[in-house]
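Protein chains in written order, with this note's numbering: chain A, 1 to 280; chain B, 281 to 560.
Virtual Cβ for every residue (Gly too), placed ideally from N, Cα, C.
Have a look at the structure below before the remarks.
Number of protein chains: 2
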Amino acid sequence: MRNLNQDNITQAVIASFAGTTDPRLKEIMTKLVQHLHAFAREVRLTEEEWFKGIEFLTGCGRITDDKRQEFILLSDVLGLSMLTVAMNNDRPAGCTEATVFGPFHVAGAPRYELGADIANGAKGTPCLVRGTVRGIDGEPVPGAELDVWQSDEDGLYDVQHEGLAEAQARGVLTADGEGRFHFRSIVAVPYAIPHDGPVGAMLDATGRHPWRPAHLHFMVTAPGYETLITHVFRNESDYLDSDAVFGVRQSLVCDWVRQPDGSYLLDYDFVLKPSSASAA
Amino acid sequence: MRNLNQDNITQAVIASFAGTTDPRLKEIMTKLVQHLHAFAREVRLTEEEWFKGIEFLTGCGRITDDKRQEFILLSDVLGLSMLTVAMNNDRPAGCTEATVFGPFHVAGAPRYELGADIANGAKGTPCLVRGTVRGIDGEPVPGAELDVWQSDEDGLYDVQHEGLAEAQARGVLTADGEGRFHFRSIVAVPYAIPHDGPVGAMLDATGRHPWRPAHLHFMVTAPGYETLITHVFRNESDYLDSDAVFGVRQSLVCDWVRQPDGSYLLDYDFVLKPSSASAA
Chain A
1 MRNLNQDNIT QAVIASFAGT TDPRLKEIMT KLVQHLHAFA REVRLTEEEW
51 FKGIEFLTGC GRITDDKRQE FILLSDVLGL SMLTVAMNND RPAGCTEATV
101 FGPFHVAGAP RYELGADIAN GAKGTPCLVR GTVRGIDGEP VPGAELDVWQ
151 SDEDGLYDVQ HEGLAEAQAR GVLTADGEGR FHFRSIVAVP YAIPHDGPVG
201 AMLDATGRHP WRPAHLHFMV TAPGYETLIT HVFRNESDYL DSDAVFGVRQ
251 SLVCDWVRQP DGSYLLDYDF VLKPSSASAA
Chain B
281 MRNLNQDNIT QAVIASFAGT TDPRLKEIMT KLVQHLHAFA REVRLTEEEW
331 FKGIEFLTGC GRITDDKRQE FILLSDVLGL SMLTVAMNND RPAGCTEATV
381 FGPFHVAGAP RYELGADIAN GAKGTPCLVR GTVRGIDGEP VPGAELDVWQ
431 SDEDGLYDVQ HEGLAEAQAR GVLTADGEGR FHFRSIVAVP YAIPHDGPVG
481 AMLDATGRHP WRPAHLHFMV TAPGYETLIT HVFRNESDYL DSDAVFGVRQ
531 SLVCDWVRQP DGSYLLDYDF VLKPSSASAA
């Protein structure tokens, strides 16, 4: 393994993984190196460009903390997140479609009773959200857990506000015995993904905008069903056709209906895939 | 751009770069996305594996600071660094070959007079290093600058020692009017690259060792010549055939000769490529 050159180095690196005991890890490392090297070879990456790449990743690391996840953002804007979601969420027709997780979920969000206002002070136009969680055969899913999160009217999630004492516009609810849920929050608005870091600079340099169409995040879990991670999008929103993270699915776009008092109503039912069901 | 699936998302992401004004950046982003997506598609990356990848990069970011560069280490152990060096340093026969830069160079290292001991207290067996810097036609390169760095006897660079007040075993020297240089340092020994972080865990999981054969780093610069970044390896070292970063070139391996007093002598001449010369 001396005198490796641009033609034989890829095989040498792959050979170095010969002792990998986990066959899946071996496969992933092998393909990763093949594609990483093929990329560098195809563009004939210069040393200066290589170093810019190192600096880019270093910058992503520097800005990432427990409230900011630049690597997920990067994966999102490169379409890798949505590709991964698409490959792993091939559900039978009739099931609610999945979309990207995004970087703003917080584990252990506060639990609320049905009917509560999860906005908890977040700025925005009031909105009542209600619906039912069902299985593919129409059966209600009693006790389904709904983890919900969204930005406020300024387009910021609670974790993006400095020094907020409590979670806002996020919470966990449990559907009733017939799979029904309802809660109060605020109307979703379009927002720009955090673009004051390396990913923002990359969007800038490639002439892309950082906006996402208005949406409300849901993670719906229930024993015996596959976890559903998705959004509900707002039909009248801008950017439905140019989502910075490529996450829009038409089946997830719906009307958020303005009520006489100025508040909004969102009716949306979720359909889960049983854990054992195969894709259609 | 709604309802993107695993078949059409790659084209949609590439299309999003249509507004990139820099054609080279557009090419790089396009190929990056093609290969990144092809990798994910070929291994059918699961969501759990995707998240492990995010955690891996996040861990690399967390451990990286002004003295530790996990992203360069990652590039090194995946052979990307050496591939990039190989593609960009196609020099005429007779020129000294280049190898990887590594993560331990420090800009602005102390300047020394010829003959000085750059070890500056670093632990190790004394070694005299001397040679001449020439151009490809044999002409001496007066005033060539040599930036030199190496680990100590324990296999650690100065920046890996906590709280060291001064640089050790690194320095910048200027060749004399006939391109000659000489300085004192210590004998290089094999060392393990930092492996207490994510890259080390990856090496572990793939059955790879973290060792590099004994070497001394040089960056040689002179007006009118291409900068040469290279090592001189020690012939009797272990790991010459299994360098963790794939950097060994036979032409850079030479005898470090033991002297009667127990010290060592390394004679090595560098041959630079004129800036305007084309590759052979």
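D541 of chain B, DSSP secondary structure in three states: coil
Host alpha helix (DSSP H) of W330 of chain B (start-end): 327-343
Cross-chain neighbours of I289 of chain B in chain A, by beta carbon under 8 Å: G79, M82, L83, A86, F246
Spatial distance of L45 of chain A from I54 of chain A (CA atoms): 13 Å
Coil, strand or helix - T129 of chain A by DSSP: A quick correction: the sequence has Val, not Thr, at residue 129 of chain A. If DSSP states are grouped into helix, strand and coil, V129 of chain A belongs with the strands.
Backbone CA spacing between T30 of chain A and G401 of chain B [nearest angstrom]: 43 Å
Identity of the residue in B:T344, B:N288, B:V500 nearest A318 of chain B by Cα: B:N288
Below-8 Å beta-carbon distance, F71 of chain A vs any chain B residue: yes
Cross-chain neighbours of K123 of chain A in chain B, by beta carbon under 8 Å: None at all; the shortest Cβ gap to chain B is about 29 Å.
Any C-beta of chain A under 8 Å from that of G299 of chain B: yes
Neighbour-count burial assignment, A298 of chain B, 16 or more Cβ in a 10 Å radius: exposed
Contacting residues, own chain, Cβ-Cβ under 8 Å from V452 of chain B (five flanking each side not counted): A389, P390, R391, Y392, E425, L426, D427, V428
Of the residues A:V129, A:A205, A:F181, A:P103, the one placed nearest L156 of chain A, counting alpha carbons only: A:P103
Short CB-CB distance (under 8 Å) between S517 of chain B and chain A: no
Beta-carbon proximity list for S75 of chain A, same chain, < 7 Å, skipping 5 on both sides: S81
Pair within 8 Å by beta-carbon distance, P422 of chain B and G459 of chain B: yes
For L128 of chain A and Q259 of chain A, the rounded distance between their alpha carbons: 10 Å
Identity of the residue in A:D204, A:E236, A:A86, A:A214 nearest D302 of chain B by Cα: A:D204
Where M202 of chain A sits in the DSSP three-state scheme: helix
E226 of chain A versus A:F270, A:V13, A:V106, A:L4, residue with shortest Cα-Cα distance: A:F270
Integer-rounded CB distance, given that K52 of chain A should sit under 8 Å from V159 of chain A: About 29 Å; that fails the 8 Å criterion.
R529 of chain B at chain A interface by Cβ criterion, 8 Å: yes
8 Å Cβ cutoff, Q6 of chain A in contact with chain B: yes
I334 of chain B: contacting residues in chain A (beta-carbon distance under 8 Å): Q69, F71, I72, S75
Contacts that F39 of chain A makes with chain B (C-beta to C-beta distance below 7 Å): K311, L312, H315
P92 of chain A versus L252 of chain A: straight-line alpha-carbon distance, rounded: 15 Å
Cutoff 8 Å: C254 of chain A Cβ touching any chain B Cβ: no
Assigned secondary structure, T227 of chain A (DSSP; H/G/I helix, E/B strand, else coil): coil
CA nearest to the CA of H182 of chain A, picked from A:L265, A:E97, A:A165, A:D154: A:L265
Best match in B:P490, B:K403, B:D518, B:S465 for proximity to G477 of chain B [C-alpha to C-alpha]: B:P490
Residue closest to Y233 of chain A, alpha-carbon to alpha-carbon, out of A:R212, A:A244, A:M219, A:T221: Before going on, a small fix: residue 233 of chain A reads as Phe here, not Tyr. Closest option to F233 of chain A, Cα to Cα, is A:R212.
Beta-carbon proximity of V77 of chain A to V245 of chain A, cut-off 8 Å: yes
Within chain B, partners of I334 of chain A - CB distance below 8 Å: Outside the displayed range of chain A (1 to 280) lies residue 334 of chain A, so it cannot be described from this structure.
Cβ-Cβ separation, V106 of chain A to G247 of chain A (assumed contact under 8 Å), whole Å: Actually they do not touch by this definition, with Cβ atoms about 19 Å apart.
S185 of chain A - containing beta strand (DSSP E), residue span: 180-186
Range covered by the alpha helix (DSSP H) that runs through L74 of chain A: 70-77
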